[in-house]
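J.: My questions all concern the structure below.
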Amino acid sequence: MAVVFQKTKMLTDAPFHYCPGCTHGIIHRLVAESLEELGVGGTAIGVAPVGCAVFAYDYFNCDMQEAAHGRAPAVATGIKRVHPDKIVFTYQGDGDLASIGAAEIVHAAARSENITVIFINNAIYGMTGGQMAPTTLPGMVTTTSPYGRDTDHCGFPVKISEMLSTLDGSSFIERVSVHDVPNVIRAKKAIKKAFQCQIDGKGFSLIEVLSTCPTNWGMEPQNALNWLKDNMVPYYPLGVYKDKEA
113 MAVVFQKTKM LTDAPFHYCP GCTHGIIHRL VAESLEELGV GGTAIGVAPV GCAVFAYDYF
173 NCDMQEAAHG RAPAVATGIK RVHPDKIVFT YQGDGDLASI GAAEIVHAAA RSENITVIFI
233 NNAIYGMTGG QMAPTTLPGM VTTTSPYGRD TDHCGFPVKI SEMLSTLDGS SFIERVSVHD
293 VPNVIRAKKA IKKAFQCQID GKGFSLIEVL STCPTNWGME PQNALNWLKD NMVPYYPLGV
353 YKDKEA
(Lines of atoms letter the chains of each structure in order from A and count residues from 1; the text may use other names and numbers.)
(Lines give C-alpha, C1' and ligand atoms only; values in the text may rest on other atoms or scores of the structure.)
Protein backbone atom coordinates (compact mmCIF):
# COMPACT_ATOMS: atom_id res chain seq x y z
CA MET A 1 0.00 0.00 0.00
CA ALA A 2 1.32 3.42 -0.94
CA VAL A 3 2.01 5.75 1.98
CA VAL A 4 0.15 9.01 1.40
CA PHE A 5 1.24 10.79 4.56
CA GLN A 6 3.23 10.01 7.66
CA LYS A 7 4.65 11.96 10.58
CA THR A 8 8.11 13.32 9.98
CA LYS A 9 10.93 11.61 11.83
CA MET A 10 12.10 15.02 13.02
CA LEU A 11 9.23 15.22 15.52
CA THR A 12 9.18 13.12 18.67
CA ASP A 13 6.11 11.26 19.95
CA ALA A 14 5.66 13.64 22.89
CA PRO A 15 2.10 15.05 23.06
CA PHE A 16 2.00 18.80 22.40
CA HIS A 17 1.14 20.98 25.38
CA TYR A 18 -0.27 23.79 23.24
CA CYS A 19 -3.87 24.96 23.61
CA PRO A 20 -6.49 23.46 21.26
CA GLY A 21 -6.51 25.32 17.96
CA CYS A 22 -3.08 26.89 18.46
CA THR A 23 -1.10 26.84 15.23
CA HIS A 24 2.27 26.14 16.89
CA GLY A 25 1.73 22.47 16.07
CA ILE A 26 1.40 23.19 12.35
CA ILE A 27 4.54 25.32 12.36
CA HIS A 28 6.51 22.70 14.32
CA ARG A 29 5.61 20.17 11.65
CA LEU A 30 6.68 22.48 8.81
CA VAL A 31 10.06 23.13 10.46
CA ALA A 32 10.59 19.43 11.13
CA GLU A 33 9.57 18.36 7.63
CA SER A 34 11.90 20.94 6.09
CA LEU A 35 14.87 19.70 8.10
CA GLU A 36 14.14 16.10 7.12
CA GLU A 37 13.58 16.83 3.43
CA LEU A 38 16.80 18.83 3.22
CA GLY A 39 18.69 15.96 4.84
CA VAL A 40 20.07 18.07 7.68
CA GLY A 41 18.11 16.66 10.61
CA GLY A 42 21.17 14.86 11.92
CA THR A 43 23.21 18.06 12.06
CA ALA A 44 20.48 20.45 13.25
CA ILE A 45 20.61 22.30 16.56
CA GLY A 46 17.55 24.22 17.68
CA VAL A 47 17.32 26.93 20.30
CA ALA A 48 14.09 27.05 22.33
CA PRO A 49 12.68 30.34 23.67
CA VAL A 50 10.85 31.40 26.79
CA GLY A 51 7.14 31.57 26.09
CA CYS A 52 4.55 29.15 24.73
CA ALA A 53 7.27 27.23 22.85
CA VAL A 54 9.51 26.90 25.89
CA PHE A 55 9.20 23.10 25.68
CA ALA A 56 10.17 22.97 22.00
CA TYR A 57 13.12 20.82 23.02
CA ASP A 58 10.67 18.01 23.80
CA TYR A 59 9.22 17.98 20.28
CA PHE A 60 12.04 18.38 17.76
CA ASN A 61 14.06 15.22 17.24
CA CYS A 62 17.41 16.96 17.11
CA ASP A 63 19.82 18.56 19.54
CA MET A 64 18.16 21.46 21.35
CA GLN A 65 19.35 24.22 23.67
CA GLU A 66 17.17 26.30 25.98
CA ALA A 67 17.90 30.03 26.01
CA ALA A 68 17.10 32.74 28.53
CA HIS A 69 14.19 35.00 27.60
CA GLY A 70 14.96 36.80 24.33
CA ARG A 71 18.53 35.53 24.09
CA ALA A 72 18.00 32.77 21.52
CA PRO A 73 19.78 34.65 18.67
CA ALA A 74 22.80 35.23 20.92
CA VAL A 75 22.85 31.56 21.95
CA ALA A 76 22.43 30.47 18.32
CA THR A 77 25.28 32.77 17.31
CA GLY A 78 27.60 31.08 19.79
CA ILE A 79 26.57 27.60 18.70
CA LYS A 80 26.97 28.38 15.00
CA ARG A 81 30.39 29.97 15.44
CA VAL A 82 31.64 26.97 17.41
CA HIS A 83 29.95 24.49 15.06
CA PRO A 84 29.83 26.16 11.63
CA ASP A 85 28.99 22.80 10.02
CA LYS A 86 25.70 22.53 11.95
CA ILE A 87 22.30 23.88 10.92
CA VAL A 88 21.28 26.20 13.76
CA PHE A 89 17.82 27.65 14.18
CA THR A 90 15.82 29.53 16.78
CA TYR A 91 12.07 29.22 17.33
CA GLN A 92 10.69 32.35 19.02
CA GLY A 93 7.43 34.11 19.78
CA ASP A 94 6.76 37.83 19.49
CA GLY A 95 7.20 38.56 23.21
CA ASP A 96 10.53 36.71 23.25
CA LEU A 97 11.91 38.09 19.97
CA ALA A 98 10.32 41.51 19.51
CA SER A 99 10.33 42.70 23.12
CA ILE A 100 13.04 41.53 25.50
CA GLY A 101 15.04 40.04 22.62
CA ALA A 102 14.82 42.98 20.22
CA ALA A 103 18.50 43.89 20.56
CA GLU A 104 19.62 40.29 20.03
CA ILE A 105 17.64 39.80 16.82
CA VAL A 106 18.64 43.16 15.35
CA HIS A 107 22.34 42.62 15.90
CA ALA A 108 22.30 38.98 14.80
CA ALA A 109 20.79 40.19 11.52
CA ALA A 110 23.19 43.14 11.27
CA ARG A 111 26.16 40.78 11.68
CA SER A 112 24.61 38.41 9.11
CA GLU A 113 24.98 35.48 11.45
CA ASN A 114 24.42 32.34 9.36
CA ILE A 115 21.42 31.13 11.37
CA THR A 116 17.71 30.65 10.63
CA VAL A 117 15.03 32.23 12.81
CA ILE A 118 11.43 31.03 12.95
CA PHE A 119 9.43 33.94 14.39
CA ILE A 120 5.87 33.28 15.56
CA ASN A 121 3.68 36.39 15.58
CA ASN A 122 0.29 35.95 17.28
CA ALA A 123 0.06 39.60 18.38
CA ILE A 124 -0.15 38.78 22.08
CA TYR A 125 1.73 37.32 25.05
CA GLY A 126 0.40 33.76 25.12
CA MET A 127 2.00 31.90 28.03
CA THR A 128 1.78 34.66 30.64
CA GLY A 129 -1.90 35.53 30.31
CA GLY A 130 -2.61 37.52 27.18
CA GLN A 131 -0.87 40.83 27.80
CA MET A 132 -0.19 43.38 25.05
CA ALA A 133 2.87 42.50 22.98
CA PRO A 134 5.06 44.61 20.68
CA THR A 135 3.04 43.15 17.81
CA THR A 136 -0.46 43.75 19.25
CA LEU A 137 -2.62 45.52 16.66
CA PRO A 138 -3.95 49.05 17.19
CA GLY A 139 -7.27 48.82 19.02
CA MET A 140 -6.73 45.16 19.92
CA VAL A 141 -8.02 44.17 23.36
CA THR A 142 -5.63 42.36 25.70
CA THR A 143 -5.45 41.93 29.46
CA THR A 144 -3.22 45.01 29.71
CA SER A 145 -5.12 47.00 27.07
CA PRO A 146 -8.74 46.25 28.03
CA TYR A 147 -10.01 49.20 25.96
CA GLY A 148 -7.83 48.30 22.97
CA ARG A 149 -4.26 49.28 22.15
CA ASP A 150 -4.08 53.07 22.15
CA THR A 151 -1.25 54.09 19.83
CA ASP A 152 -1.10 57.57 21.38
CA HIS A 153 -0.26 55.97 24.71
CA CYS A 154 1.44 52.69 23.77
CA GLY A 155 2.94 53.42 20.38
CA PHE A 156 2.56 51.35 17.23
CA PRO A 157 3.24 47.65 16.67
CA VAL A 158 6.76 46.66 15.66
CA LYS A 159 6.91 45.24 12.14
CA ILE A 160 9.88 42.91 12.49
CA SER A 161 10.18 41.71 8.89
CA GLU A 162 10.09 45.23 7.49
CA MET A 163 12.60 46.46 10.05
CA LEU A 164 15.14 43.65 9.64
CA SER A 165 14.92 43.80 5.86
CA THR A 166 16.53 47.25 5.96
CA LEU A 167 19.71 45.84 7.50
CA ASP A 168 22.54 45.05 5.09
CA GLY A 169 23.33 41.84 6.95
CA SER A 170 19.96 40.15 6.46
CA SER A 171 19.85 37.69 3.58
CA PHE A 172 16.33 36.26 3.36
CA ILE A 173 13.22 37.47 5.17
CA GLU A 174 9.65 36.45 4.42
CA ARG A 175 6.32 36.78 6.23
CA VAL A 176 3.86 33.92 5.87
CA SER A 177 0.71 32.66 7.56
CA VAL A 178 -0.89 29.31 8.40
CA HIS A 179 -4.58 30.27 8.48
CA ASP A 180 -5.53 28.02 5.55
CA VAL A 181 -4.10 25.22 3.41
CA PRO A 182 -2.66 27.36 0.56
CA ASN A 183 -0.84 29.52 3.09
CA VAL A 184 0.45 26.50 5.00
CA ILE A 185 1.98 25.28 1.73
CA ARG A 186 3.57 28.70 1.12
CA ALA A 187 4.89 28.76 4.69
CA LYS A 188 6.55 25.36 4.21
CA LYS A 189 8.26 26.60 1.04
CA ALA A 190 9.53 29.73 2.82
CA ILE A 191 10.86 27.82 5.83
CA LYS A 192 12.63 25.35 3.58
CA LYS A 193 14.21 28.19 1.59
CA ALA A 194 15.41 29.85 4.79
CA PHE A 195 17.19 26.66 5.84
CA GLN A 196 18.65 26.31 2.34
CA CYS A 197 19.96 29.85 2.68
CA GLN A 198 21.88 28.76 5.76
CA ILE A 199 23.11 25.56 4.10
CA ASP A 200 24.48 27.69 1.26
CA GLY A 201 26.24 30.01 3.73
CA LYS A 202 24.32 33.10 2.69
CA GLY A 203 23.81 34.56 6.15
CA PHE A 204 20.89 35.55 8.34
CA SER A 205 17.40 34.37 7.42
CA LEU A 206 14.08 34.86 9.22
CA ILE A 207 10.59 33.58 8.55
CA GLU A 208 7.80 35.43 10.33
CA VAL A 209 4.70 33.26 10.69
CA LEU A 210 1.37 34.87 11.52
CA SER A 211 -0.26 32.58 14.07
CA THR A 212 -3.36 32.36 16.25
CA CYS A 213 -3.91 32.35 20.02
CA PRO A 214 -7.55 31.24 20.43
CA THR A 215 -7.28 31.08 24.24
CA ASN A 216 -6.06 34.61 24.84
CA TRP A 217 -7.98 36.05 21.91
CA GLY A 218 -11.10 34.57 23.49
CA MET A 219 -12.21 32.85 20.28
CA GLU A 220 -13.07 29.44 18.91
CA PRO A 221 -10.18 28.09 16.78
CA GLN A 222 -11.97 28.58 13.44
CA ASN A 223 -12.98 32.11 14.37
CA ALA A 224 -9.37 32.81 15.33
CA LEU A 225 -8.16 31.72 11.89
CA ASN A 226 -10.69 34.02 10.27
CA TRP A 227 -9.70 36.89 12.57
CA LEU A 228 -6.05 36.43 11.59
CA LYS A 229 -6.96 36.56 7.90
CA ASP A 230 -9.24 39.59 8.26
CA ASN A 231 -7.18 41.64 10.72
CA MET A 232 -3.54 40.54 10.96
CA VAL A 233 -2.82 39.96 7.28
CA PRO A 234 -3.90 43.49 6.24
CA TYR A 235 -1.69 45.02 8.94
CA TYR A 236 1.19 42.57 8.43
CA PRO A 237 1.21 41.95 4.66
CA LEU A 238 2.51 38.57 3.55
CA GLY A 239 5.44 38.24 1.18
CA VAL A 240 9.19 38.32 0.72
CA TYR A 241 10.79 41.37 2.32
CA LYS A 242 14.42 40.59 1.57
CA ASP A 243 16.06 38.12 -0.79
CA LYS A 244 19.66 38.89 -1.67
CA GLU A 245 19.63 35.99 -4.10
CA ALA A 246 16.96 37.73 -6.16
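Heads up: take any position in the sequence shown, counting from 1, add 112, and you land on my numbering.
By construction, the Cβ of each residue, glycine as well, lies at the ideal position given by its N, Cα and C atoms.
1) Any chance you could list the alpha helix (DSSP H) runs of at least 4 consecutive residues sitting entirely within the region 263–326, in chain order?
2) Does the Cβ-Cβ distance between T135 and V290 come in under 7 angstroms?
3) In chain order, what residues of the same chain have a beta carbon less than 7 angstroms from the beta carbon of N343, not counting five sequence neighbours either side?
4) What did DSSP end up calling I227 once you bin it into helix, strand or coil?
5) Out of K341, M275, N226, point me to the one whose CA is closest to S317's CA.
6) Are D355 and F307 touching if we call contact CB-CB under 7 angstroms?
7) Do you know offhand how far C131's Cα is from G151's?
8) What are the boundary residues of the alpha helix (DSSP H) that G190 is part of?
9) From what residue to what residue does the beta strand (DSSP E) around Q177 run?
10) Alpha carbon to alpha carbon, what distance is there between S277 and G260?
11) If you measure between the beta carbons of T254 and Q310, is that distance less than 7 angstroms?
12) Since W118 sits in a beta bridge, which residues does DSSP pair it with?
13) When we look at the beta-carbon of A144 and count the other beta-carbons within 10 Å, is it buried (16 or more) or exposed?
14) Excluding the five sequence neighbours on either side, which residues of its own chain have a C-beta within less than 7 angstroms of the C-beta of Y353, listed in chain order?
15) Using a Cβ-Cβ cut-off of 7 angstroms (strictly less than) and excluding sequence neighbours within five positions of A302, which residues of its own chain qualify?
16) Residues in the same chain with beta-carbon distance under 7 angstroms from T247, minus the five sequence neighbours each way, listed in chain order, please.
17) Looking only at its own chain, which residues have a Cβ that is under 6 angstroms from the Cβ of I82, when we skip the five neighbours before and after it?
18) Could you tell me whether the Cβ atoms of G213 and G182 are closer together than 7 angstroms?
T.: Working from what's here:
1) Along the region 263–326, the alpha helix (DSSP H) occurs as fully enclosed runs of 4 or more residues at 263–266, 272–277, 293–311, listed in sequence order.
2) Locating residue 135 in the sequence shown gives position 23, counting from the first residue. Locating residue 290 in the sequence shown gives position 178, counting from the first residue. The beta carbons of T135 and V290 sit closer together than 7 angstroms.
3) In the sequence shown, counting from the first residue as 1, residue 343 sits at position 231. If you ignore the 5 residues before and after N343, its C-beta comes within less than 7 angstroms of the C-beta of L249, all in its own chain and listed in chain order.
4) Here the question's residue 227 lines up with position 115 in the sequence shown. Of the three classes helix, strand and coil, the one that applies to I227 here is coil, per DSSP.
5) Position 205 of the sequence shown, counting from 1, holds the residue named residue 317. In terms of CA proximity to S317, N226 leads the group K341, M275, N226.
6) Working through the sequence shown from its first residue, we reach residue 355 at position 243. Working through the sequence shown from its first residue, we reach residue 307 at position 195. No, the Cβ-Cβ distance between D355 and F307 is not below 7 angstroms.
7) Locating residue 131 in the sequence shown gives position 19, where the first residue counts as 1. Locating residue 151 in the sequence shown gives position 39, where the first residue counts as 1. Approximately 31 angstroms, taken between the alpha carbons.
8) Translated into positions along the sequence shown, residue 190 becomes position 78. From DSSP, the alpha helix (DSSP H) with G190 extends over 184–194.
9) The residue given as residue 177 occupies position 65 in the sequence shown. Its beta strand (DSSP E) spans residues 175–178.
10) The residue labelled residue 260 in the question sits at position 148 within the sequence shown. The residue labelled residue 277 in the question sits at position 165 within the sequence shown. Looking at the two C-alpha atoms, the distance is approximately 29 angstroms.
11) Start at 1 with the first residue of the sequence shown, and residue 254 comes out as number 142. Start at 1 with the first residue of the sequence shown, and residue 310 comes out as number 198. In this structure, T254 sits away from Q310, with a CB-CB distance that is not shorter than 7 angstroms.
12) Position 6 of the sequence shown holds residue 118. Here the sequence assigns Gln to residue 118, which means Trp is not the residue at that position. The partner list for Q118 (beta bridge, DSSP) is empty, contrary to what the question assumes.
13) Position 32 of the sequence shown, counted from the start, is the residue given in the question as residue 144. A144 comes out buried.
14) Taking the first residue of the sequence shown as position 1, residue 353 is located at position 241. Cβ neighbours of Y353 beyond the five flanking positions: S273, E274, S277, I285, E286, R287.
15) Position 190 of the sequence shown holds residue 302. Take A302, set aside five residues on each side of it, and the residues of its chain with a beta-carbon closer than 7 angstroms to its own are E286, V288, I319, in chain order.
16) Position 135 of the sequence shown, counting from 1, holds the residue named residue 247. Counting only Cβ-Cβ distances below 7 angstroms, and skipping sequence neighbours, we find D206, A210, N233, A235, P269, V270.
17) With the chain represented from 113 up to 358, any question about residue 82 goes unanswered, as that position is not in the structure.
18) For the purposes of this step, residue 213 is taken as residue 101 along the sequence shown, with counting starting at 1. For the purposes of this step, residue 182 is taken as residue 70 along the sequence shown, with counting starting at 1. Closer than 7 angstroms, so yes.
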